[in-house]
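Some notes on the structure that comes next.
In the UniProt record's numbering, the protein residues as written are 1 to 487.
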């Protein structure tokens, strides 16, 4: 009796080993799809970063991958958000603590390093992760066959051949530029140059953030802010966020509005340590937290002077229209960027990896890995995500400007509207609605946590949908009015 030959599996080359790339690697490993991941740093945890938020939809995918339980000891599930405004008004919302029972997973906070470590150590075959492999070129394996398999060359001269190349190396990575070049989008005849300029102009920068972390032993805040609490202090053009970690340390972020909008690729250069220090000195006496008399002397200067590290990054905003061309595709923050105010960045990176993995698994299962099948899969998989991400980009855009009190009208929104619509908007309009539309892995079992929560949601879904859509409509209406007002 003859044994059946397994269907051909496309070989995938992933470029970039941060959250997006490692999530895709784990997805492909679970799908039985051949891959190799190239990361330019010699240490997978080099990019320490700060604290990030995972929404229930992202937690669900991580649960399917066997990663969510690895985060048990290092995450802090968000319970409450305290917001302080310049006139002394302070309010607290407990909305986020309700996510667990209704969605099966919490809105959880953890350090970027801890998530990277969990994703990396979950891999069964770490030999597929090549560190210190900086990509310098992507080209067809055979010059006369531009639609054929691709060769990826690293700075050490190593060459990797694959059927599909996935860019998970961020907006400043090499994959997007090579995709534009191979697609011919950068040619100037007959308007092709305009197409490139339009595409690149979708990414802008209006803000930058300085971030750091105070050790548990060095910060009085560890006695005042409990893990699971997040504090925001809003002011004109400045936003300070404090997040308590599970080990007692406190991560802090200060966002500043820039003097003008910068458009990709003309983005500002990374701030030097001297520039970071000068900015922090300017705001050193700025009160960091409203926690009563005991906190009156806790200033931004008191935080950053005991922080072992301080860094800065520009907050890019935007969504590229082109995700794929030929055998190259880009996912995660290579094609979209959010400010952290809506807590969607890492979540959608995970979802985009899952969406691509679903498409590749379907292609593998069908036994059809032809050039036509690859082009079709890479063209179609982003479609369900792009409309959602476009709307979330709009909501995030306006939320950021409300938090930084970008105008007198937005100060009014932050003071007199947001405190009252925030709970139904966040709980029902954004996250519950988004959770129902979110991507999960089609080829892996649905987690028990999600099944139980779905039964609970089904009993009250009609009421939640009405409340959520009403709240979401109010926020989008405010955003539309803001756009008109500020023109």
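Glycine residues also receive a C-beta, built at the ideal position from the N, C-alpha and C atoms.
Simplified DSSP state of residue i, which is helix, strand or coil
i	result
residue 79	coil
residue 186	With a pLDDT of 45 at residue 186, under the threshold of 50, the modelled position of this residue cannot be trusted, and the question is left open.
residue 2	At residue 2, the pLDDT of 46 sits below 50, so the modelled position is not reliable; the number obtained from the coordinates is stated separately. Residue 2 falls in the coil class under three-state DSSP.
residue 117	helix
residue 306	coil
residue 30	helix
residue 204	strand
residue 261	strand
residue 446	coil
residue 43	coil
residue 408	helix
residue 231	strand
residue 439	coil
residue 54	strand
residue 288	coil
residue 12	strand
residue 37	strand
residue 255	strand
residue 370	coil
Residues near residue i by beta carbon distance below 6 Å, same chain, minus five either side
i	result
residue 255	207, 209, 239
residue 251	50, 51, 213, 243
residue 39	17, 131
residue 328	165, 179
residue 106	77, 99, 100
residue 97	79
residue 215	249
residue 191	Reliability fails at residue 191, whose pLDDT of 46 lies under 50, so the model's placement of it is uncertain and no value is given.
residue 442	358
residue 271	312
Beta-carbon contacts of residue i that lie in its chain and below 7 Å, excluding the five residues immediately before and after
i	result
residue 451	none
residue 373	363
residue 285	299, 301
residue 293	Note on residue 293: pLDDT 47, under 50, position unreliable in the model; no value is reported.
residue 262	204, 205, 268
residue 137	153
residue 436	none
Residue i, buried or exposed, once every other Cβ within 10 Å from all chains shown has been counted against 16
i	result
residue 155	exposed
residue 332	buried
residue 365	exposed
residue 343	buried
residue 88	exposed
residue 390	exposed
residue 14	buried
residue 307	buried
residue 380	exposed
residue 422	buried
residue 114	buried
residue 413	buried
residue 189	At residue 189, the pLDDT of 47 sits below 50, so the modelled position is not reliable; the number obtained from the coordinates is stated separately. With fewer than 16 other Cβ atoms within 10 Å, it is exposed.
residue 143	exposed
residue 445	exposed
residue 434	buried
Contacts around residue i, its chain only, beta-carbon distance under 8 Å, and the 5 residues preceding and following it disregarded
i	result
residue 20	168, 331, 332, 333, 334, 349, 350, 352, 353
residue 360	10, 12, 28, 31, 33, 164, 377
residue 141	148, 149, 150, 151, 161
residue 393	317, 318, 319, 336, 338
residue 276	210, 310, 311, 312
residue 396	317, 338, 339, 341, 342, 344
residue 108	53, 54, 59, 71, 75, 76, 77, 78
residue 121	70
residue 199	180, 185, 320, 321, 322
Closest by C-alpha distance to residue i, when choosing among the options
i	options	result
residue 500	442, 455, 419	As displayed, the chain neither begins before 1 nor continues past 487, which places residue 500 out of reach and without an answer.
residue 84	438, 416, 433	416
residue 203	264, 57, 313, 170	264
residue 111	320, 227, 443, 42	227
residue 375	157, 441, 146	146
residue 82	231, 109, 271	231
residue 280	262, 199, 258, 310	310
residue 317	398, 246, 304, 387	398
residue 325	63, 59, 181	181
residue 123	113, 65, 73, 74	65
residue 341	304, 400, 306	400
residue 224	248, 61, 201, 421	248
residue 170	113, 323, 93	323
residue 177	387, 157, 135	135
residue 405	236, 153, 369, 380	236
residue 346	229, 444, 116	116
residue 259	241, 314, 303	314
What beta strand (DSSP E) runs, 3 residues minimum, are completely inside the segment 315-353? Fully enclosed beta strand (DSSP E) runs of no fewer than 3 residues occupy 328-330 of the segment 315-353, in order along the chain.
What are the uninterrupted segments assigned as beta strand (DSSP E) that are 3 or more residues long and contained completely in the segment 123-170, given in chain order? Within the segment 123-170, the runs of beta strand (DSSP E) that reach at least 3 residues and sit entirely inside it are, in chain order, 129-131, 135-140, 150-154, 159-162, 164-167.
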